[in-house]
Amino acid sequence: MKIYIASDHGGYELKKELAKYLQGKGYVIEDMGNKEPDPQDDYPDFVLPLAEKVAKEIGATGIILGRSGNGEAIAANKVKGIRAAVCLNVKMAKMAREHNDANILSLGADYVDLDTAKVIADTFLETFFSKEEKHKRRVNKITSYEPA
Numbered sequence: 001m002k003i004y005i006a007s008d009h010g011g012y013e014l015k016k017e018l019a020k021y022l023q024g025k026g027y028v029i030e031d032m033g034n035k036e037p038d039p040q041d042d043y044p045d046f047v048l049p050l051a052e053k054v055a056k057e058i059g060a061t062g063i064i065l066g067r068s069g070n071g072e073a074i075a076a077n078k079v080k081g082i083r084a085a086v087c088l089n090v091k092m093a094k095m096a097r098e099h100n101d102a103n104i105l106s107l108g109a110d111y112v113d114l115d116t117a118k119v120i121a122d123t124f125l126e127t128f129f130s131k132e133e134k135h136k137r138r139v140n141k142i143t144s145y146e147p148a
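Going left to right, the sequence shown walks through residues 1 to 148 as the numbering used here numbers them.
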């Protein structure tokens, strides 16, 4: 499975370590930036191209990182077809996938350490959308609201 990953300076170190961990598990990782920590960078410059790729590729998954993960998720969710979820624990990651069919995981480096990020990412990547009728209905309502 291919995973797109991106961060600004706030998530840079966690991104590097998490990408290495996921590669070790056999995932193909495409790092969308930032390629070096730059305190003047802007997360939309990395997150929006990642979201565009995830939106265009059926079954694609992304992981975005920042200090809180909130700005990154807000930016990613501007792209049609993206459902980015900030997850601070395993239960949030599981529900984001099962209930919301999230396709991008957003992590806050100020709130999760590497070990926690690994478990959250594993859960997100190994959990699938439940396809339960109520969840399909809700996701369809969200999708239908997106501009054409």
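Glycine included, each C-beta is placed from N, C-alpha and C at the ideal position.
Per DSSP, residue 102 lies in no alpha helix (DSSP H) and is assigned neither H nor E.
Judged by DSSP secondary structure, residue 62 falls within the beta strand (DSSP E) whose first and last residues are 61-66.
Judged by their CB atoms, residue 62 and residue 107 are not nearer to each other than the 8 Å cut-off. CA-to-CA, the gap between residue 44 and residue 75 works out to about 6 Å. Between residue 123 and residue 85, the gap from beta carbon to beta carbon reaches 8 Å or more. If you draw a straight line from the Cα of residue 6 to the Cα of residue 59, it is about 18 Å long. Taking 4 residues as the minimum length, the alpha helix (DSSP H) runs contained wholly in the region 10-36 are 12-24, in order along the chain.
At a Cβ-Cβ threshold of 8 Å, residue 11 and residue 109 count as neighbours.
The bridge partners DSSP lists for residue 139 come to none. Short of 7 Å from the beta carbon of residue 17, and not among the five residues preceding or following it, lie these beta carbons of its own chain, in chain order: 114. Here residue 24 is exposed, its C-beta having fewer than 16 other C-beta atoms within 10 Å. By the Cβ-count criterion, residue 20 is exposed, with fewer than 16 other Cβ atoms from all chains shown falling within 10 Å of its own Cβ.
The C-alpha of residue 137 is placed about 28 Å away from the C-alpha of residue 4.
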